[in-house]
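Worksheet: one structure, shown below.
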Amino acid sequence: MPEGDVVHRAAVRLGRALDGRVLVRSDFRVPRYATADLTGRAVLGTVARGKHLLTRVEGDLTVHTHLRMEGSWQISPAGRALPRGDVVRLVLANDAWQATGVRLGMVDLVATAQEERLVGHLGPDLLGADWDEAEALRRLTLRPETSVGVALLDQRNLAGMGTIYRAETLFLAGVSPWRPVGAVEDLGAIVSLARRLMDTNRDRPDRTTTGDSRPGRGTWVYGRAGRPCLRCGHRISRGEMGAEPQERLIVWCRHCQPGPPAG
Ligand SMILES: [Zn+2]
Numbered sequence: 002m003p004e005g006d007v008v009h010r011a012a013v014r015l016g017r018a019l020d021g022r023v024l025v026r027s028d029f030r031v032p033r034y035a036t037a038d039l040t041g042r043a044v045l046g047t048v049a050r051g052k053h054l055l056t057r058v059e060g061d062l063t064v065h066t067h068l069r070m071e072g073s074w075q076i077s078p079a080g081r082a083l084p085r086g087d088v089v090r091l092v093l094a095n096d097a098w099q100a101t102g103v104r105l106g107m108v109d110l111v112a113t114a115q116e117e118r119l120v121g122h123l124g125p126d127l128l129g130a131d132w133d134e135a136e137a138l139r140r141l142t143l144r145p146e147t148s149v150g151v152a153l154l155d156q157r158n159l160a161g162m163g164t165i166y167r168a169e170t171l172f173l174a175g176v177s178p179w180r181p182v183g184a185v186e187d188l189g190a191i192v193s194l195a196r197r198l199m200d201t202n203r204d205r206p207d208r209t210t211t212g213d214s215r216p217g218r219g220t221w222v223y224g225r226a227g228r229p230c231l232r233c234g235h236r237i238s239r240g241e242m243g244a245e246p247q248e249r250l251i252v253w254c255r256h257c258q259p260g261p262p263a264g
């Protein structure tokens with residue numbers, strides 16, 4: 002599942018291919034925008050906001066996309082064959098490059114002035130230049146009874162975190178995901194750690210939170226449910242938490258991260 006680091010990297014790749022060039026092809030394969038046509042307009046730039054991408058186009062238009070569970074932006078020389086099957090949601094191309102949005106979870110076309118309607122609810126972006134830790138902490142603690150695992154994934158509190166960084170951050174901090182956010186002693190340290198982990202990985206496709214990028218060694222707990230903890234040898238637990246069905250998975254070590262519900 003793409004998290005903030007992947008999305009920020011996608012923004013950079015889209016920028017290299019599209020910025021400052023005039024679109025010669027725009028193919029929206031979502032019913033709502035089937036007739037939209039951006040050809041003849043230059044792309045001004047793409048910015049990431051948490052897990053959202055905003056591609057701004059001449060004429061005060063913004064293409065909003067979200068990768069959700071399995072979406073991606075594929076960049077290739079213009080004119081390349083598109084992926085087969087019903088997976089392409091959007092193609093934006095100039096005479097040199099084409100950007101193909103595959104399995105995107107959201108595609109919107111709005112006036113640039115209306116962007117806030119789509120991303121205005123987001124908390125501070127963990128990888129944003131305007132990151133504001135105090136504001137993120139304020140938002141996280143508005144509902145102190147919420148479990149810290151749920152609060153960290155709520156994009157209204159802070160934007161960009163997904164199930165992988167949540168699991169890895171809480172493991173490294175030694176905090177149970179089920180602990181109420183109001184009972185976490187040093188929430189600031191957890192948020193700083195999450196930001197550091199994501200920032201370290203923003204320029205590297207082989208994500209690692211362990212410092213080891215060999216296959217199967219890149220994470221402490223994520224993807225390791227049922228296997229021995231790399232620190233203590235106890236079996237890694239898995240469970241479900243949170244509201245959004247696709248983001249329920251939580252893995253943690255009951256020994257290294259004591260607390261509810263393990264007791
Ligand atoms: Zn452990």
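Each residue of the sequence shown is one higher than the one before, starting from 2 at the first, in the working numbering.
Cβ coordinates follow ideal geometry from the N, Cα and C atoms, glycine included.
Item	Value
Tell me whether histidine 256, by its Cβ, gets closer than 8 Å to a heavy atom of ligand 1.	yes
Relative to ligand 1, is the shortest distance from any of its heavy atoms to the C-beta of glycine 227 smaller than 8 Å?	no
Please classify threonine 36 as buried or exposed, where buried requires at least 16 other C-beta atoms within 10 Å of its C-beta.	exposed
Start and end of the beta strand (DSSP E) containing leucine 91?	89-94
Exposed or buried, alanine 135, counting other C-beta atoms within 10 Å across all chains shown (16 or more means buried)?	exposed
Does the region 186-200 come close enough to the region 161-171 to have 3 or more Cβ pairs within less than 8 Å?	yes
Determine which residues share a DSSP beta bridge with valine 23 and list them.	Ala43
Identify whether methionine 242 lies in helix, strand or coil by the three-state DSSP scheme.	coil
Output needed for threonine 40: all residues of its chain with C-beta closer than 7 Å, excluding positions within five of it in sequence on either side, in chain order.	Leu24, Val25, Arg26 and Ser27
In terms of alpha-carbon separation, which member of Met199, Thr211, Gly5 and Val92 lies closest to glycine 80?	Val92
Histidine 53 bridges to which residues according to DSSP?	Arg50 and His67
For aspartate 109, which three-state DSSP category applies?	strand
Could you check which residue in Val108, Arg42 and Gly243 has the C-alpha nearest to that of arginine 69?	Val108
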